[in-house]
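Peer 1: If you count the sequence shown from 1, you need to add 2 to reach the working numbering. Just so you know, even glycine gets a beta-carbon here, dropped at the ideal spot from N, CA and C.
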Amino acid sequence: MSLRFVTSNGHKFAEAKSILNGYGVSIDPLNLAIEEKRSESCARVAEASAKIAYEKARVPLFVEDSGIFLNALHGFPGTYSAWAFGKMGYEGLLKLMRGVRDRRARFVSAIAYADEKGVKIFEAACRGKISGRPAGKNGFGYDPIFIPSGSRKTFAEDAATKARVSHRRRALGCFAKWYVEKNNRKGKIIGKEKS
Ligand code: ITT
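(1) Tell me, to the nearest whole angstrom, how far the beta carbon of residue 148 is from that of residue 107; I am working on the premise that it is less than 8 Å.
(2) Taking just the CA atoms, how far does residue 143 sit from residue 23?
(3) Flag residue 8 as yes when its Cβ comes closer than 8 Å to any non-hydrogen atom of the ligand FMN, and as no otherwise.
(4) Using the three-state DSSP reduction, which class does residue 120 fall into: helix, strand or coil?
(5) Taking only three categories from DSSP, how would you classify residue 30?
(6) Note the first and the last residue of the continuous beta strand (DSSP E) segment covering residue 147.
(7) Mapping DSSP to helix, strand and coil, what is residue 137?
(8) Count the other C-beta atoms from every protein chain shown that fall within 10 angstroms of the C-beta of residue 67, then say buried if there are 16 or more, exposed otherwise.
(9) Relative to the C-alpha of residue 97, which residue among 125, 133 and 53 is closest?
(10) Using a threshold of 8 Å, is the CB atom of residue 43 nearer than that to any non-hydrogen atom of the ligand ITT?
(11) Comparing C-alpha positions only, which one of 174, 167 and 32 sits nearest to residue 21?
(12) Can you look up residue 61 in the DSSP assignment and give me helix, strand or coil?
(13) Do you know how far the Cα of residue 165 is from the Cα of residue 139?
(14) So, with DSSP's three-state summary, where would you put residue 182?
(15) The ligand ITT heavy atoms versus the CB of residue 97: any closer than 8 Å?
(16) With a threshold of 7 Å on Cβ separation, who are the neighbours of residue 38 within its own chain once the five nearest residues in sequence on each side are excluded?
(17) Starting from the C-beta of residue 26, find all residues in its chain whose C-beta is less than 8 Å away, skip the five residues before and the five after it, and write them out in chain order.
(18) Using DSSP with H/G/I as helix, E/B as strand and the rest coil, what is residue 83?
(19) What are the start and end residues of the beta strand (DSSP E) that includes residue 5?
(20) Is it buried or exposed, residue 57, if we count other Cβ atoms within 10 angstroms and call 16 or more buried?
Okay, structure coming up:
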């Protein structure tokens, strides 16, 4: 049975599928209604959701909690990014940043994997800044206003850079290496027991 990614966000799923494919890990979506824990930490939110999801589904799965954290706004919208996006879109965030000189921001992704042994967490960030105006048509969410460090284009203008350096790419990369290694180990042990 393939690994399940519990999410209601089709963009997140598509990105994760493409990233994990590169590690030989295939995933299927699993849509479960889970009430998110309130915390300023993506890792804590993801951990709590993974526990609830595993109790419900009882199959190996992972969840991702992500968000964009703005220095000038003391981390807002952070773990409330999906909610804030629903209320005001990236246009609203740009308005809050009008005239603000400190444009530093970071995207964070926390992956929480759960199976019968418990929950394991992988967290990563992508640093950058908030653009002056929106640009680009690719991606989703805040991609049109986020410029990663070292680039002059937003994630929405430059999908190739997003695929290479994003918070999701980094967190899933760490997870995938651990997951593949774990399954290989399991395979070896089973092999030894048989011989
Ligand atoms: P699930 O919880 O069902 O997975 P969600 O969209 O509600 O889906 P989160 O609670 O993790 O997911 O919220 C993450 C939000 O942060 C997301 O909806 C976007 O607004 C924003 N976000 C996260 N990653 C992003 C990315 O790569 N590009 C643009 N915006 C992103």
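Peer 2: Put simply:
(1) Position 146 of the sequence shown holds residue 148. Position 105 of the sequence shown holds residue 107. Right, their Cβ atoms sit about 6 Å apart.
(2) Looking up residue 23 in the sequence shown gives position 21. Looking up residue 143 in the sequence shown gives position 141. Taking the straight line from one Cα to the other gives about 23 Å.
(3) This structure lacks the ligand FMN; its bound ligands are the ligand ITT.
(4) The sequence position of residue 120 within the sequence shown is 118, counting from 1. Reduced to three states, the DSSP call for residue 120 is strand.
(5) Here the question's residue 30 lines up with position 28 in the sequence shown. In the structure shown, residue 30 sits in a strand (DSSP, three-state: E or B).
(6) Along the sequence shown, read from residue 1 onward, the residue named residue 147 stands at position 145. The continuous stretches of beta strand (DSSP E) do not include residue 147, and DSSP gives it neither H nor E.
(7) What you label residue 137 is simply residue 135 of the sequence shown in a count that begins at 1. Residue state, collapsed to three classes: coil.
(8) What you label residue 67 is simply residue 65 of the sequence shown in a count that begins at 1. It counts as buried.
(9) For the purposes of this step, residue 97 is taken as residue 95 along the sequence shown, with counting starting at 1. Closest option to residue 97, Cα to Cα, is 133.
(10) The residue you call residue 43 lines up with position 41 of the sequence shown. It does not: the Cβ of residue 43 is nowhere closer than 8 Å to a heavy atom of the ligand ITT.
(11) For the purposes of this step, residue 21 is taken as residue 19 along the sequence shown, with counting starting at 1. For residue 21, the nearest C-alpha among the options comes from 174.
(12) Mapped onto the sequence shown, residue 61 falls at position 59. Coil, per DSSP.
(13) Taking the sequence shown and counting its residues from 1, one reaches residue 139 at position 137. Taking the sequence shown and counting its residues from 1, one reaches residue 165 at position 163. Each residue's alpha carbon lies about 15 Å from the other.
(14) Against the sequence shown, residue 182 aligns to sequence position 180. Residue 182: helix per DSSP, three-state reduction.
(15) Here residue 97 corresponds to residue number 95 of the sequence shown, with the count starting at 1. No, Cβ of residue 97 sits at least 8 Å from all heavy atoms of the ligand ITT.
(16) Position 36 of the sequence shown, counting from 1, holds the residue named residue 38. Answer for residue 38: 47 and 51, listed in chain order.
(17) Position 24 of the sequence shown holds residue 26. Counting only Cβ-Cβ distances below 8 Å, and skipping sequence neighbours, we find 182.
(18) For the purposes of this step, residue 83 is taken as the residue at position 81 of the sequence shown. The answer is helix: DSSP assigns residue 83 an H, G or I state.
(19) The residue you call residue 5 lines up with position 3 of the sequence shown. Its beta strand (DSSP E) spans residues 5 to 8.
(20) By one-based count along the sequence shown, residue 57 stands at place 55. Answer is exposed; the Cβ neighbour count stays below 16.
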